[in-house]
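What follows is a set of notes on a single structure, which appears directly below.
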Amino acid sequence: VDIELINEQVKLFYSALDEISIDITEDTFAITEYVQLGLGREQRYYPLEEVGITFNDNGTYQIVSELIFQPPQYDRKTLFHIYNTNNALLQKLQKNLKLSKADRADLKLAPATYLLCYLNGFEEAKDQMEILKNTTKSVDEKVYNNLKESLRILRKVRYS
2 VDIELINEQV KLFYSALDEI SIDITEDTFA ITEYVQLGLG REQRYYPLEE
52 VGITFNDNGT YQIVSELIFQ PPQYDRKTLF HIYNTNNALL QKLQKNLKLS
102 KADRADLKLA PATYLLCYLN GFEEAKDQME ILKNTTKSVD EKVYNNLKES
152 LRILRKVRYS
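Going by this note's numbering, the final residue of the sequence shown carries number 161, and the count climbs one at a time with no gaps.
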């Protein structure tokens with residue numbers, strides 16, 4: 002979805018990779034962005050942000066953006082195990098050690114699981130995500146892009 006208001010400096014863009022819903026009424030246009038989060042097979046879509054455009058009779062409009070995200074909460078013991086697994090994997094990458102098949106599977110999940118750890122109170126997870134992003138840039142492009150997306154979500158949550 003690419004919305005550009007004519008003669009204005011306002012542009013809203015959502016790519017084909019973004020999960021959104023659009024609600025239209027006679028004078029409003031509302032876009033809700035969703036993020037997929039979860040552990041293992043328990044993945045769900047959570048509303049992240051809603052952007053509403055209200056059009057007035059005189060041709061003016063108002064744009065309101067609201068963060069509506071309520072992160073999923075998980076057992077701290079489970080998350081601590083995941084966090085430690087991610088950190089061990091990060092150390093292997095930093096030391097240029099060969100990754101096992103299980104390590105490669107964990108690496109694919111690391112962006113989302115670090116994000117969940119951060120959203121559940123593991124403040125250091127953000128720093129670990131930044132380090133992992135820099136480490137994976139030349140190793141695994143998909144993981145690198147997923148880390149960028151996870152960090153984008155974090156920025157929205159922290160600064161909204």
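Virtual Cβ for every residue (Gly too), placed ideally from N, Cα, C.
- Taken in chain order, the whole beta strand (DSSP E) runs of length 3 or more contained in the region 50-124 are 62-68.
- Taking all protein chains in view, the Cβ of SER22 is surrounded by fewer than 16 other Cβ atoms within 10 Å, so the residue is classified as exposed.
- Counting only the Cα atoms, PHE81 lies some 8 Å from CYS118.
- Rounded to whole angstroms, the gap between the alpha carbons of VAL36 and LEU49 is 6 Å.
- VAL158 carries a helical assignment under DSSP once its states are collapsed to helix, strand and coil.
- In the displayed model, ASP24 falls within a strand according to three-state DSSP.
- ARG153 carries a helical assignment under DSSP once its states are collapsed to helix, strand and coil.
- Of the residues assessed, ASN59 falls on the exposed side of the cut-off, its CB having fewer than 16 other CB atoms within 10 angstroms.
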